[in-house]
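Enquirer: If you scroll down you'll find the structure; I have some questions about it.
In the working numbering, the protein residues as written are 5 to 158.
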């Protein structure tokens, strides 16, 4: 059965996130990302919730398959040299997405929240831009994970 994917935010926030992910899965990420506006306009708590939902989507299967007493790490490769890099060298939004996802994957919610707060606290244009980049990176990671786990390409 084929149902159209909603293009407007739904009453249930989870349905809105699922619709956004479905748009990403079908090769229309711009339609999905547009659905996040109510979360962002809702303020700190709803934006953090959106980030958490996207990180959960990215890490859920991997966490369940992780050997006992193991943890997720963050590996950064410098694309120019092919060598290990530092997360500190990543643009702020991308660094946030990577570190937030690793903290979330390791069930370290306090660190995930602290990373979010550190990103948005300055309340500047730069912080808003970094947040937008971070949310987009979280979204792209979630879509890529779903594509990989379902074997679907866009």
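Here a beta-carbon is modelled for each residue, glycine too, at the ideal position from N, C-alpha and C.
Here's the rule I'm using: 16 or more other beta-carbon atoms within 10 Å means buried, otherwise exposed. How should residue 79 be labelled?
Expert: exposed
Enquirer: Measure the beta-carbon distance from residue 105 to residue 61 and round it to whole angstroms, keeping in mind my assumption that it falls under 8 angstroms.
Expert: Cβ atoms of residue 105 and residue 61 stay farther apart than 8 angstroms, at about 10 angstroms.
Enquirer: Tell me the DSSP bridge mates of residue 48?
Expert: Paired residues: none, contrary to the question.
Enquirer: Leaving out five residues on either side along the sequence, give the residues of the same chain with a beta carbon under 6 angstroms from the beta carbon of residue 76.
Expert: 106, 109, 110
Enquirer: Can you tell me where the alpha helix (DSSP H) holding residue 118 begins and where it ends?
Expert: 113–124
Enquirer: Below 7 angstroms, is the gap between the Cβ of residue 6 and the nearest heavy atom of the ligand FAD?
Expert: Among the components modelled here there is no ligand, and therefore nothing to report on the ligand FAD.
Enquirer: Which class does residue 9 belong to by DSSP, given the choice of helix, strand or coil?
Expert: coil
Enquirer: Between the C-alpha atoms of residue 5 and residue 30, what's the straight-line distance to the nearest angstrom?
Expert: Residue confidence for residue 5 is low, a pLDDT of 48 falling below 50, so the modelled location carries little weight; the figure read from the coordinates is stated next. One C-alpha to the other measures close to 16 angstroms.
Enquirer: Considering only the beta carbon of each residue, do residue 13 and residue 39 sit closer than 8 angstroms?
Expert: yes
Enquirer: Return yes when the Cβ of residue 35 is within less than 8 angstroms of the Cβ of residue 48, no when it is not.
Expert: no
Enquirer: Is the CB of residue 65 under 8 angstroms away from at least one CB in chain D?
Expert: No chain D is part of this structure, which consists of one protein chain only.
Enquirer: Just the C-alpha distance for residue 3 and residue 126, rounded to the nearest angstrom, thanks.
Expert: Since the displayed the chain opens at 5 and closes at 158, residue 3 lies outside it and no answer follows.
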